[in-house]
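Residues in the sequence shown are numbered from 1 upward in steps of one, following UniProt numbering.
Even glycine gets a Cβ: it sits at the ideal position worked out from N, Cα and C.
In this text, all values refer to a predicted model and were calculated from it rather than measured experimentally.
Here the structure is laid out as structure tokens; the discussion comes afterwards.
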Amino acid sequence: MIIKNTSAVVTAVLMAAILWLDAITHLGLTVGVLYAPVVLFTIQVRRVGFTLAVTLVAALLVLLGAWLSPPVIAGYPQEFAWLNRIMSIAAILVTGWLVAVRVRATQALTDSHRALVDARQTLSDQRHLLEVAASAGGLGGWSVDLQTGVVSWSDEVARIHGKAAGYNPASLDEAFSYYAESEQAYLRSTVQRTLSTKEPFNVESRILLPDGQTVWVHASGRAVVNADGDVVKIEGALQDITARKIAEQASRVSLQRFQQLAESMPITVWTAAENGDIEYVTPLFFEYANVAHRRLEKDQWQRYVHPNDMSFVLEVWQRALQTGEPYEVEMRLRRADGEYRWHLARAVRVRDQVDGTLKWFGSLTEVHEQRRVAQEARDLATRLFNTLESITDAFFTLDTEWNFTYLNGQAEKLLKRDRDELIGRNVWVEFAPARGTTFEVEYRRAMKTGQPVVFEQFYPPLETWFQVHAYPSKEGLAVYFQDMTRSHNALAHLRLLETAVSRLNDVVIITEAEPINDPGPRIVYVNDAFVRRTGYSREEVIGKSPRILQGSGTSRAELDRIRQAIQNWRPVRAELLNYTKAGDEYWIEIDIVPMADDTGWYTHWVAVERDISERKLLEDRVRHLQRMDAIGQLTGGVAHDFNNLLTVMVGNAELLVESLEDRPELSTSAKMIAQAGSKGAELTKRLLAFARRQPLEPRALNVSRVVTDMQSLLIRTLGEHIELEFVMGAGLWSAMADPSQLEDALLNLAINARDAMMSGGRLTIETGNVWFSSDYAREHPDLSPGQYVMIAVSDTGCGIPPENMKRLFEPFFTTKPRGQGTGLGLPMVFGFLKQSGGHMTVYSEPGQGTTVKMYLPRTTEQWVEPATAEVESTRGGGQTILLVEDDHLVREYARSQLLGLGYNVVCAEDGKRALDILRSDTRCDLLFTDVVMPGGLSGRQLADQARLLRPGLKVLYTSGYTENAIVHHGRLDPGVLLLNKPYRRVELAEKVWQALSEPTGQEP
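Spelled out as structure tokens, the structure:
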């Protein structure tokens, strides 16, 4: 680097000197050629860039010198002077080029030399590492030249054969002679097969050293062929595997000893690898589970674990595998006969002393009987404890030193002391006032004689009379006692209790304990609530069985459950449908408990009944609402796909009808297709109305105006045999509803009335104002109190049977003959009213007629008669519409129709593709998008993002089911334009024209 820097300085000095010399000499002298040696001098720097830079500077200095030099000597031709300058520049350039070529060649030679040195060093390092690895791993190489017969061994191969480094056998036969005679023939055939097939070989064999030692080796080899494909050489590797073979033999011996010991034990013993894979299981498990082939595949043991235990067992096992902690878990394993029995599995992870690997050694012990006995003991202790805690008698025990050993809860209450304070304390110390009284005398007598004693005694500190039963034993004294103070007031309490029970709202019935079979236990007492609820007097039911309250609707399964509990003298709670004396149904929740006398004998049953009829009614309503909501969800999904199909079907049928007008034989079929599509569209419309999923466009309505405007339509629908009458209420409020849906509802009710009056009659349509109170609204959970506008439709037809009244609003329920009704008329009306926030009631008497009343919520908005818009033209004027529709058929149909209407159409199959188009320069006057689309982007979300990209973009939605994307609370969002599927061409044309005519920037 110093040399290079010095050369650069020298170069600069020389060039400056030459420039000075050139500046003081006349123009004709060839001083500029002196720059060429300076350029040649730059070869010392050995940088092509530096040389080229000096060359360029030198050429420029020659020209600069011509400007600085004095004029030419008189008489010297001016042309010669400039020719000298040109030749100097040429000499400088040629010299610079030669130096650059030389520097590049020198650099290439230097780089090649450096790479060669690095390669030699790397090769030396790798050879050293290979020698180290071969020595450490007992691995060496060998080769046999088939043409010369020369056998070559590496130093490691020679060492394995007990020879010194550098030794090579004289021939291949000598090399084979080192191996056991029993294996030489196999080795020769292996080598011969490789020579014939040219396939490599891998064998393990034994070498017999001269000192008698045996060395296990792993030999591998391959054939080497020449350009003609002939085998000319065999080469390979040889590795000493004696240590591994010794370890394997020791492992096998150890494993055999372990298995012999394990199989002699009366429990199942198993081992597993460090990762949990089962390696060995004693035959005892195979016999227990009847495992085929007496071996377990990977995770096969899990098939025998009880399903309820599996997750916990695997959790514990995985935790043990991860942490290495001992594994212990109890589980149920399936026996060969299918019975699951409890087992205790234990395992610890230890390091194998032979191969050094980590393994799991475990056992599996059946503990089924132990668990059963332990559980029985626990159950017995629990039952005894529960019995002592649940008995009405107070109970405590004393040891022979008069110390408390146990008190039940009742004893704590009567003695007014906590058991933790008394256990282990002396009774005469804790209750000193009892000393010298009957208590001490009788207790000591019982302990002395060994006979039980019974007595009554008053204890002043507690102001309580006690009746005491004391039973002596070798462990001490067991004392039962009762508070007898109450017995003195028993009669007064009994009278008070009878008075209180008689005034309860709940029904109380007391019966004898038996007979349980027919005719059943007899009633001995009922309270006043029983008389009020059932209509029976006491005299009518005393001595009879409560079964007189049961009827055809009473659940037999619930009665059987009550009977089973009574047979076992257990308390029971149930819900039953009972009947009053007049035959009216009512639901009760009944609690039945047995009553025992002083001896513990059950003598009576006490039943407390609560009327839950209102709760049952509410539960039925909730179940009905849930069922209707589920049907609605299903309906919405079906309607979406069905309307897509109908859009294509109805639209193309319309085109067929138009194109086949001159072919009557085909036009009829096309019209039938169109009619079928229209019926399908009407069916999906009714389904959505019933499911409360249809998009509504409610506005303030003059209901009387809507009804009277339908007069001519209703007259044509009803026929001449039915008289139509209107009764319009005065001062009628405005109602909030979708006018087209209200007209459909009225028409449906009129058709139902017509079908109920086959022989003629009168249909009356009446309107009026109604106010629903809070009390009425509480009886109808889906109704809000307030003001409503009523429309009543009454007929004089055949009426509705009572058994059908509860099913009126069920979808597809109809009493009309097959083919004459879909069963969706009333459900559609009901769904429309509920979606509109309204209400509906039906009253009918068989043979007299039916009245259906619809209630629409009142609105304070004023009714405005809609203006009739004059549509100049519904054809397009070359506007561009971005059509977004995921259904291919619907997309193609809409595209062809829009093209036919004079619009330019750009299509997208989903919202993502539509946004890509909007981000481009493509013109777009209207976004015409489906509402429900896959891909995570709905039509509404697409419109919102589209307006961010193109503010003021006009949007028209289309859908067969909106999924609340643009409809909330049953109403279209303000400003939203929606074209319902399926749609015809004229409907498409009108909606597109309407959307394009909307003011720019209107937000949906």
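Original post:
Going by the beta-carbon positions, is the gap between Thr-796 and Met-757 smaller than 8 Å?
Top reply: yes
Original post:
Which residues does DSSP pair with Thr-603 in a beta bridge?
Top reply: In the DSSP output, where bridge partners are listed per residue, Thr-603 has none listed.
Subject >> Any 3 or more C-beta pairs closer than 8 Å across the stretch 503-513 and the stretch 599-615 >> reply: yes
Original post:
Is the stretch 203-221 in contact with the stretch 176-185, if contact means three or more CB pairs nearer than 8 Å?
Top reply: yes
**OP:** Identify every residue that forms a DSSP beta bridge with Asn-578.
**Re:** Tyr-586
**OP:** Look at the Cβ atom of Thr-365, then the Cβ atom of Gly-476, and state whether they are nearer than 8 Å.
**Re:** no
**OP:** Could you check how far apart the C-beta atoms of Glu-235 and Gly-221 are, in whole angstroms? I think they sit under 8 Å.
**Re:** 7 Å
Original post:
With a CB to CB cut of under 7 Å and the five nearest residues on each side skipped, what residues in its chain are close to Val-281?
Top reply: Thr-268, Trp-270, Leu-296
**OP:** Look at the alpha carbon of Leu-384 and the alpha carbon of Arg-378, and state the distance between them as a whole number of angstroms.
**Re:** 10 Å
Original post:
Between Pro-472 and the rest of its own chain, which residues show a CB-CB distance below 6 Å, the 5 nearest in sequence each way excluded?
Top reply: Ala-446, Met-447, Gly-450
**OP:** Check each candidate in Glu-512, Pro-266, Gln-835, Ser-773 and name the one with the smallest Cα separation from Pro-698.
**Re:** Gln-835
Original post:
When DSSP labels each residue in this structure, what does Asp-795 get in the three-state scheme?
Top reply: strand
Original post:
Looking at the unbroken beta strand (DSSP E) that takes in His-218, where does it start and where does it end?
Top reply: 214-225
Original post:
What span of residues does the alpha helix (DSSP H) with Tyr-776 cover, start to end?
Top reply: 774-779
Subject >> 7 Å CB neighbourhood of Ala-869 in its chain, flanking five on each side removed >> reply: Caution is warranted here: a pLDDT of 46 is assigned to Ala-869, below 50, making its placement in the model unreliable, and no coordinate value can be reported.
**OP:** Give the DSSP-derived three-state secondary structure of Gln-879 in the structure shown.
**Re:** coil
**OP:** Work out the CA separation of Gln-44 and Phe-50 for me, nearest whole Å.
**Re:** 10 Å
Subject >> Best match in Ala-17, Pro-594, Leu-927 for proximity to Asp-944 [C-alpha to C-alpha] >> reply: Leu-927
Subject >> Inter-residue CB distance, Ala-158 and Ala-164 (contact presumed, cutoff 8 Å) >> reply: 6 Å
Original post:
Less than 8 Å separating the beta-carbons of Ala-847 and Gly-911?
Top reply: In the sequence under discussion, the amino acid at residue 847 is Gly, which differs from the Ala named in the question. In this structure, Gly-911 does not lie closer than 8 Å to Gly-847 by Cβ.
**OP:** Inspect the CB distances between the stretch 771-784 and the stretch 728-745 and report whether three or more fall short of 8 Å.
**Re:** no
Subject >> Coil, strand or helix - Ala-170 by DSSP >> reply: coil
**OP:** Can you give me the Cβ contacts of Thr-485 inside the same chain, cut-off strictly under 7 Å, excluding the 5 residues immediately before and after it?
**Re:** Thr-464, Trp-465
Original post:
Any idea what DSSP makes of Leu-901, helix, strand or coil?
Top reply: coil
Original post:
Distance, Cα to Cα, Met-331 vs Val-305?
Top reply: 7 Å
**OP:** With distances taken Cα to Cα, identify the nearest neighbour of Gly-600 among Leu-344, Ala-513, Arg-522.
**Re:** Ala-513
Subject >> Other residues of its chain near Pro-934: CB distance less than 8 Å, five sequence neighbours each side excluded >> reply: Asp-886, Asp-910
Subject >> Rounded separation between Thr-242 and Val-316 - CA only >> reply: 41 Å
Original post:
Under a Cβ-count criterion, where at least 16 other Cβ atoms within 10 Å of its own Cβ denotes burial, should Asn-290 be classed as buried or exposed?
Top reply: exposed
Original post:
Does the beta-carbon of Ser-69 have 16 or more other beta-carbons within 10 angstroms, so that it is buried, or is it exposed?
Top reply: buried
Subject >> Nearest-angstrom Cα separation, counted from Leu-19 out to Ala-58 >> reply: 9 Å
Original post:
beta strand (DSSP E) containing Ser-152: first to last residue?
Top reply: 151-153
**OP:** On the DSSP bridge assignment, give the partners of Gly-786 in chain order.
**Re:** Phe-772
Original post:
When the Cβ atoms of the stretch 527-546 are set against those of the stretch 557-567, are three or more pairs found closer than 8 Å?
Top reply: no
Subject >> DSSP bridge partner residues for Gly-362 (one or two, in chain order) >> reply: Trp-270, Ala-347
Original post:
According to the neighbour-count rule (16 or more other Cβ atoms, all chains shown, within 10 Å of its Cβ), is Trp-67 buried or exposed?
Top reply: exposed
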